[in-house]
Structures are given as structure tokens and as C-alpha cells.
Amino acid sequence: MTQKVLVTGGAGYIGAHACKALRGAGFEPVTYDNLCTGWRDAVKFGPFEQGDLMDRARLDEVFAIHKPIAVMHFAALSQVGEAMREPGKYWRGNVSASLNLIEATLAAGVKNFVFSSTCATYGDHDGVVLDENTPQTPLNAYGASKRAIEDMLKDFGASDGLKSVIFRYFNVAGADPDGEVGEFHQPETHLIPLILDAVDGKRAALTIYGTDYPTPDGTCIRDYVHVMDLVDAHVLGLRHLLNGKVADGGHEVFCLGTGNGFSVREVVAEARHVTNRPVPMVDGPRRGGDAVKLVSGSEKAISVLGWNPARSTMQQMVADAWRWHQNGGYAR
Ligand SMILES: NC(=O)c1ccc[n+]([C@@H]2O[C@H](COP(=O)([O-])OP(=O)(O)OC[C@H]3O[C@@H](n4cnc5c(N)ncnc54)[C@H](O)[C@@H]3O)[C@@H](O)[C@H]2O)c1
Numbered sequence: 001m002t003q004k005v006l007v008t009g010g011a012g013y014i015g016a017h018a019c020k021a022l023r024g025a026g027f028e029p030v031t032y033d034n035l036c037t038g039w040r041d042a043v044k045f046g047p048f049e050q051g052d053l054m055d056r057a058r059l060d061e062v063f064a065i066h067k068p069i070a071v072m073h074f075a076a077l078s079q080v081g082e083a084m085r086e087p088g089k090y091w092r093g094n095v096s097a098s099l100n101l102i103e104a105t106l107a108a109g110v111k112n113f114v115f116s117s118t119c120a121t122y123g124d125h126d127g128v129v130l131d132e133n134t135p136q137t138p139l140n141a142y143g144a145s146k147r148a149i150e151d152m153l154k155d156f157g158a159s160d161g162l163k164s165v166i167f168r169y170f171n172v173a174g175a176d177p178d179g180e181v182g183e184f185h186q187p188e189t190h191l192i193p194l195i196l197d198a199v200d201g202k203r204a205a206l207t208i209y210g211t212d213y214p215t216p217d218g219t220c221i222r223d224y225v226h227v228m229d230l231v232d233a234h235v236l237g238l239r240h241l242l243n244g245k246v247a248d249g250g251h252e253v254f255c256l257g258t259g260n261g262f263s264v265r266e267v268v269a270e271a272r273h274v275t276n277r278p279v280p281m282v283d284g285p286r287r288g289g290d291a292v293k294l295v296s297g298s299e300k301a302i303s304v305l306g307w308n309p310a311r312s313t314m315q316q317m318v319a320d321a322w323r324w325h326q327n328g329g330y331a332r
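Here the UniProt record's numbering is used: the first residue of the sequence shown is 1, the next is one more, and so on.
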């Protein structure tokens, strides 16, 4: 019988790509999502169970129906600006909701857990390359909520034998090259789709938040990873758990990036090159909660999991995003 994996947030950007990768690897992904930022049309590779992570009875019901062997937990609120304005929404929507999910997971006897964490847990470290051992000093409630969930997973490992793989992603970009799923956030806050909106006139111009950072061209620097490479790492992480590579009660953290930093202006230049069109831009002020430079060391994922982020060139990420963008996103 096909083994099932419960995918929270499977109707969202990364979760939908993960469902495709899981299906391709021979698992059945069961999406659990409340559609607060996700899309029903993105659920294409397995059953859909609509529900909120705060609804413990619904979670228990879904675990009982599907009997998953593992959980991949993508569902979250993830907008830094909103987290600065409304921290309570993030402590409730991410931390309380994840606590509910972890307790439901353990009550169902499931011990394998893969978690989406983020480089936003690090805060500013003066441009050093960030790896699994870098101290986490988040600048906003989004990063703080994700760090708290990491801590929770470790505590439930010690108390109940939960085994977890924690991925700290850098900036995720690109789309499924087959065009079945892609990035479609409303409102959009991610740089590449915002650039592409400006290219094709869906927005008047791209606003660059901060042009006086201590970087060569004054704009923030980020490390970008292709969503298909990212979800490949999740399948490898799942197998790592299922093959007993993580001890009972243990957890393992992996950074997922490429080690290459791109400034906002460098990403814009690549978009101009790929689309062969101008990118209308205006300079804006810095946003609170943004670190100057976030670049990852991903040697651990490569050496321990055998990860190969082959699609994560800026050219490929922009080209795949542009193809998806031109097809127009999801209807609902
Ligand atoms: N996109 C990035 O660059 C990036 C970078 C680092 C980490 N992450 C993390 O990756 C994960 C996925 O990000 P994404 O960009 O795909 O976001 P997304 O908003 O596209 O997807 C999140 C999904 O979770 C669902 N959801 C949210 N709260 C829920 C709840 N309480 N109950 C049920 N469903 C709920 C939403 O409806 C949505 O489908 C998040 O945990 C995010 O923090 C993303």
C-alpha cells in the first residue's frame, strides 16, 4: 500500500511543489490546509482535507482517516511586515497552531516530522555565512515563532520520542518547470514575482526597500534556492527519517541555500535579461525587520542527505518563474 504523508500547507507555494515531489517519489501526499493563503487548485497530487491547525478534532479525524507515516509541516504565516505589526497573530498562528499539530501527531502514534524553518531565525550576523551552528537571534515575530517551533520539536523529541528534520530555508524561488504548480501569493511579498509583476504591468513599479545598506550596490543580499531543489531536499529528509538515520527523540537541522548571495539589483538585472524587458523601479525606504545579508552554508545537506541543488541558478529560477507567471497563477 502507498505510504501517506500529511502535508500541512500543501495548497501553498512550497507545499504544492512538495506534494508533486512526494508523489514522484512514490508517496501519497495528503494536503491539510485552511486555504488562508493557499489555493484549492494547487492541490493536484493527492487528497485534500480542508481544516485549520487550531482545530484539534479535525486534525485527529484526518490522522485517523489517512494514517500517515510522517508529517511535513509547511503551513504558516510568513510575512515579515505583518509579523512586525501583529506579533500576536504569529505567536498564535504559528506557535500555538504547531503545538496543536505536534500533539495531534504524537497522539496518532506518528514519530516522523519534517519542518519548514527559515533563515529569518538568524537575524543579522554582519554578513557571515550562516550554517546550522550559527546562533539564532531573530529580528521579528515571524523568525521568533519559527525558532520557538524548532525548540518545541526538540522538547517533544526528549519527552515523546518525536524525530524531526528541520530545514532552514533561504529565499525560495522559481516554479515547477512542467507548469502544474507555481508561486502565487496574494498579496505578493516575494522579490521575483514582484519584479515580474512590474515587468508585465500588473504593478506600476517594483519598490526597492532600502538602497543605503552596507553592500556593494546598497541593496539587501539574499541566497535563493529553486523550489524544485528545495522539495527534493524534503524527500531526502523524509527518507533520512524513515531509514532510521535520526535517533529516536532526535532532531537534525539542515540549511537549504546555495552559498551565493544576490543583491536586489542583481536579481532585477537577471529578470531584465531573462524577460528581455525593462523593469520599472522606484527606490523606497528600508523596511523594519530586514537583515542586510543572509547567505547560507549548505554543505551539510549536500554531504549528509546527498542533496544536489542543480536548478538553483538565478537564470533558471527567474526563467521558470517567468514561464509560470505568464500562465497566470491559480483561479481559486
Ligand atoms: N517562500 C519562502 O521563500 C520561504 C522561506 C523560508 C521559509 N518558508 C516557510 O515555508 C513554508 C511555506 O511557505 P510558502 O511560501 O509556501 O507559504 P504559503 O503562504 O504559500 O503556504 C502556506 C500554506 O499554509 C496554509 N496555512 C496557513 N496557516 C494555516 C493553518 N492555521 N491551518 C491550515 N493551513 C494553514 C495556507 O493556506 C497556505 O496554503 C512556511 O512555513 C514558510 O514559513 C518559506
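Where a beta carbon is used, it is the ideal one built from N, C-alpha and C, also for glycine. From a predicted model like this one, the values you see are computed outputs, not experimental measurements.
Tell me which residues share the same chain as residue i and place their Cβ nearer than 6 Å to its Cβ, disregarding the 5 neighbours each side in the sequence.
i: residue 27; result: 3 and 5
i: residue 48; result: 31
i: residue 295; result: 129, 223 and 261
i: residue 235; result: 21 and 25
i: residue 127; result: 293
i: residue 329; result: 184
i: residue 226; result: 174, 311, 312 and 317
i: residue 193; result: 183
i: residue 253; result: 132 and 166
Is it buried or exposed, residue i, if we count other Cβ atoms within 10 angstroms and call 16 or more buried?
i: residue 29; result: buried
i: residue 17; result: buried
i: residue 72; result: buried
i: residue 173; result: buried
i: residue 1; result: exposed
i: residue 111; result: buried
i: residue 75; result: buried
i: residue 136; result: buried
i: residue 285; result: exposed
i: residue 248; result: exposed
i: residue 85; result: exposed
i: residue 335; result: For residue 335 there is no data in the structure shown, the boundaries of the chain being 1 and 332.
i: residue 308; result: exposed
i: residue 319; result: buried
i: residue 65; result: exposed
i: residue 287; result: exposed
i: residue 176; result: buried
If you follow the beta strand (DSSP E) that residue i is part of, which residue opens it and which one closes it?
i: residue 71; result: 70-73
i: residue 6; result: 4-8
Grab me the residues of residue i's own chain with a C-beta within less than 8 Å of its C-beta, minus the 5 sequence neighbours each way, in chain order.
i: residue 310; result: 229
i: residue 281; result: 198, 205, 206, 207, 208 and 268
i: residue 279; result: 195, 198, 199, 206, 268, 271 and 272
i: residue 216; result: 263
i: residue 123; result: 136, 137, 138, 139, 143 and 291
i: residue 60; result: 104, 107 and 108
What are the residues that DSSP puts in a beta bridge with residue i?
i: residue 50; result: 33
i: residue 112; result: 163
i: residue 255; result: 168
i: residue 117; result: 168
i: residue 28; result: 4
i: residue 296; result: 130
i: residue 81; result: In DSSP, residue 81 forms no bridge with anything.
i: residue 261; result: 223
For residue i, I'd like the list of residues in its chain whose CB is within less than 7 Å of its CB, leaving aside the five on either flank, ordered along the chain.
i: residue 90; result: 77, 83, 141, 142 and 145
i: residue 158; result: 249
i: residue 68; result: 4, 5, 6, 30 and 110
What residue does the alpha helix (DSSP H) around residue i start on, and which one ends it?
i: residue 282; result: First-last for residue 282: 281-284, but that is the beta strand (DSSP E), not the alpha helix (DSSP H).
i: residue 98; result: 97-107
i: residue 275; result: 264-275
i: residue 38; result: Element bounds for residue 38: n/a, residue is neither H nor E.
i: residue 322; result: 314-327
i: residue 66; result: 56-66
i: residue 337; result: There is no way to answer for residue 337, as the model of the chain reaches only from 1 to 332.
Taking 8 Å as the line, does the beta carbon of residue i fall inside it for any heavy atom of ligand 3?
i: residue 193; result: You won't find ligand 3 in this model; what it holds is ligand 1.
message = To test your reading of the DSSP string, which unbroken beta strand (DSSP E) runs of 3 or more residues are found completely within the segment 130-181?
response = 163-169 and 171-173
request  = Mind listing, in chain order, the continuous beta strand (DSSP E) runs of no fewer than 3 residues lying wholly within the segment 189-252?
outcome  = 206-209 and 221-226
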